[in-house]
Amino acid sequence: MQSLVTDPIYENYLAALIAGDRAVCTAIVQELNNADIILKDLYLNLFQRSLYQVGELWEHHRISVSVEHLATAITERLLTTVEPQAFRGQFREHSVIIACVADEYHQLGARMVADFFEFHGWRGYFLGANTPVKDLLDLIDKRNPDLLALSLSIYSNLPSLLKALDAVRAEYPDLPILVGGQAFRWGGTGSLKKYSDVTYISSIDVLEQKLEEYGDR
Amino acid sequence: MATDEPDHLAVAGWRFLCDTGNIVLLIIDRNGGVRFANQYAKTLTGLGLEGDHISRMLLVDSWTNPTGVTLLEQWLNHSSPHLMNVRTTGELPRTLYVTLYPVDEGYLFFGQEDDAEQDRLSRELLMLNHELTSLSRELNQKNAELAQLNALKNQFLGMAAHDLRNPVGVILNYTEFLTEDLSDHLSSQQVHFLETIHSSALRMSQVINNFLDVSIIESGHLSLTRENVEIADLVRNVESLLGIATIRRQVRIETLLDPTTLKLKVDGPKIEQVFTNILSNAIEHSPDGGCVTIRSEHLHDGVRFQVEDQGEGIPPDQQKRLFQSFSGTGSKKKSGERSIGLGLVISRKIVEAHGGRMFVESEPGKGSVFGFILPDSCLAEYKSKQVMGASGDRG
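Those sequence lines, one after another, are chains A and B.
Each residue of the first sequence is one higher than the one before, counting from -17 in my numbering.
Each residue of the second sequence is one higher than the one before, counting from 3 in my numbering.
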């Protein structure tokens, strides 16, 4: 299916995002919403693509930290305007806890994944940035989810992820765990192999395939 | 004196930049090796820096761009502003605006943060925070409205169920009367019609009672009247109540109760309702001629009661939803009737009100086990009463 996010729309949006122009970004998203854009198209072809580009510009010292923070904040605000589409589904058969591990402050990707689960009929419990292991274990105990999804954006936080995996595996040996995030561009998937039923999810398409295994609606 | 003053000022200025100023000052060689770093640079990055390469200050491996040009070469070949995003001891990275001055065998490096940009970010974030606060307020309003609507729904459900109960009761009474007193004057087909009306009205009456229970539970008015209960008597009552269904389905009931679990302080009629629900479900889902087992066990921290059947079992993805209201898990019984699936929801609420929990263990093709665990306190309270009673008798 062809994306509603054409190149000119994308370029306009990216320029506004980097300029910190929230009004223009909001208008573009509103227009796409009015055109009944589906969540996946919006998330992947506008939000994810632009944020990856902002990340690259930041990594190569082309934009400042402030610009990157502002772009993230604007995107996060825009998510609230389109999330009702994610929560429109039927009764939630399965549940998932989505969290960023301790010391991980980049939560936007994980939140989009949480919305994506909701869109596919899952009940998503989103714990957000910097989740201490104890809080994670407490929520697993309380919610008894079908899946746990952990996000890692910064490669140097890999030890925090492994610590969380150790703790969860010790308490819940059978809970399937999905792991993903931008950090894995730099490697690290090898260190996941020692854990049983921990799956690295490289993209939303791979996630969709995984969800189909659970009888996606 | 006048000729000495500039040197004196330069020394004072240099000392300020080295020791106190909030500006990153480095002396780097032509390859980016750091020969000198001021105090602010060391404090900001948490690194000694001197002897290191300047790229150590970077958060990610970004010393070269995708075409292999180093950051230093980019700065030298392009006009300012030059940006450098560095890691800091405070977790969050920061941006330095860099100015380079060529000196002998290297460069004098000045890096400063842009206060105006920080101010703008703060303002924007503040505005976003205000917006989110407003959204949160709207959300709270909507939640309150939804809670009111839900209360109205419960009220309506309760009123409708209450008003339907009497006419259904009349139908039940009169069909019973007609069946018993006029069956000699009716054809077998007419008797069959009456029996169908009676069984349908009975089913409707059960549904109405469930609606009433749900409306009471959902509105938070479920109250318990705890009393000393002989569980063996209670189970016998339930078995007797379901006797017709047991005969109709040709199901055998086996009761294996642990003698240490038989005296509890609970709300007897409500616990009986739970037993009735799970036992009738087990009977309805058993194969013809199957066996249903009622079992109890004293655990280390509670008392477990369960009913096991040899039915078709329940897929794992449906098990969680069984105890949720209107979850669409209403099942079709062996008799062909459809259940709206409220019985287990009501049972869960009753058990939870006692401080216990319901459970289900099932595997497709291997039958199901439904049950509940009550806290040890239900047993202990009863025991303590017994002891007190016994003591009183002796006195």
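Glycine is no exception: its CB is placed at the ideal position from the N, C-alpha and C atoms.
All figures in this text were calculated on a predicted structure; none of them were measured in a lab.
*Can you list, in chain order, the residues of the segment 52 to 73 of chain B whose Cβ is nearer than 7 Å to any Cβ on chain A?*
62, 64, 67, 73
*Would you call the segment -17 to -1 of chain A and the segment 28 to 44 of chain A touching, i.e. three or more CB-CB distances under 8 Å?*
yes
*Would you mind listing the beta strand (DSSP E) stretches within the segment 203 to 238 of chain B that are 3+ residues and don't spill past its ends, in chain order?*
229 to 232
*asked:* With H, G and I counted as helix, E and B as strand and the rest as coil, what does DSSP make of residue 418/B?
replied: Outside the shown range of chain B (3 to 397) lies residue 418/B, about which nothing can therefore be said.
*If we cut at 9 Å on Cβ distances, does residue 322/B have a partner in chain A?*
yes
_Supposed close pair residue 41/A, residue 64/B - CB separation, criterion 8 Å_ = 5 Å
_Euclidean distance between Cα positions of residue 147/A and residue 166/A_ = 16 Å
*Would you check if there are 3 or more beta carbon pairs closer than 8 Å linking the segment 226 to 240 of chain B to the segment 274 to 288 of chain B?*
yes
_Straight-line gap, residue 214/B to residue 347/B (C-alpha atoms, nearest Å)_ = 13 Å
*How about residue 42/A: is its C-beta nearer than 9 Å to some C-beta of chain B?*
yes
*Coarse secondary structure for residue 91/A, derived from DSSP in three states*: helix
*So which residues on chain B does residue 52/A lean against when the C-beta distance must stay under 7 Å?*
123, 126
*How about the segment 137 to 145 of chain B and the segment 12 to 20 of chain A: do they share at least three Cβ pairs that are nearer than 8 Å?*
no
*Name the chain A residues that come within less than 8 Å of residue 95/B, Cβ to Cβ?*
47
*Got a sec, what are the start and stop residues for the beta strand (DSSP E) residue 65/B sits in?*
No beta strand (DSSP E) contains residue 65/B, which DSSP labels as neither H nor E.
_Just to confirm my understanding: we take residue 366/B, look at its own chain, exclude 5 residues before and 5 after, and list those with CB closer than 6 Å. What are they?_
315, 317
*Are there 16 or more other CB atoms within 10 angstroms of the CB of residue 21/B, so buried, or fewer, so exposed?*
exposed
*asked:* Can you tell me whether residue 199/A is buried or exposed? The criterion is at least 16 other CB atoms within 10 Å of its CB, across all chains shown.
replied: Legend: pLDDT at residue 199/A = 37, less than 50; position of this residue unreliable, no value from coordinates given.
_Sequence-distant residues of its chain with Cβ nearer than 8 Å to residue 394/B (five each side left out)_ = Confidence at residue 394/B is low in this model, with a pLDDT of 36, below 50, so the placement of that residue is unreliable and no value is reported for it.
*Could you tell me which chain B residues have their CB closer than 8 Å to the CB of residue 76/A, listed as they occur along the chain?*
319
_Does chain A have any CB closer than 9 Å to the CB of residue 397/B?_
Bear in mind that a pLDDT of 32 at residue 397/B, under 50, signals an unreliable position, so the number given afterwards is only what the model happens to contain. With 9 Å as the cut-off, residue 397/B does not count as an interface residue toward chain A.
*DSSP puts residue 28/B in a beta bridge; with which residues?*
39/B, 111/B
*Which partner residues of residue 55/B appear in the DSSP bridge assignment?*
35/B
*alpha helix (DSSP H) segment containing residue 162/A, residue limits*: Taken as a continuous stretch (DSSP letters only), residue 162/A belongs to no alpha helix (DSSP H), being part of the beta strand (DSSP E) at 159 to 162.
*Take the Cβ of residue 161/B as the centre, count every other Cβ of all protein chains shown within 10 Å, and call the residue buried at 16 or more, exposed below.*
exposed
*asked:* Pull the bridge partners of residue 179/B from the DSSP assignment, please.
replied: DSSP lists no partner for residue 179/B.
_Exposure label - residue 76/A; buried when at least 16 CB within 10 Å_ = buried
_Contacting positions in the segment -4 to 15 of chain A - beta carbon closer than 7 Å to chain B_ = 2
*Spell out a yes or no on whether the segment 43 to 61 of chain A and the segment 290 to 302 of chain B are touching, meaning 3 or more CB-CB pairs, one atom from each, closer than 8 Å.*
no
_Validate contact between the segment 127 to 134 of chain A and the segment 77 to 97 of chain A using beta carbons, cut 8 Å, 3 pairs_ = yes
*Roughly how many angstroms separate the alpha carbons of residue 372/B and residue 258/B, rounded to a whole number?*
15 Å
*How would you write the range of the beta strand (DSSP E) that residue 152/A sits in, first residue to last?*
From DSSP, residue 152/A is part of no beta strand (DSSP E) but of the alpha helix (DSSP H) over 140 to 153.
*asked:* Can you check which of these residues, 79/B, 170/B, 380/B, is closest to residue 264/B by C-alpha distance?
replied: 380/B
*What are the start and end residues of the alpha helix (DSSP H) that includes residue 62/A?*
47 to 68
*Which residue comes first and which comes last in the beta strand (DSSP E) that contains residue 99/B?*
96 to 105
_Exposed unless 16 or more other CB atoms sit within 10 angstroms - verdict on residue 84/B_ = buried
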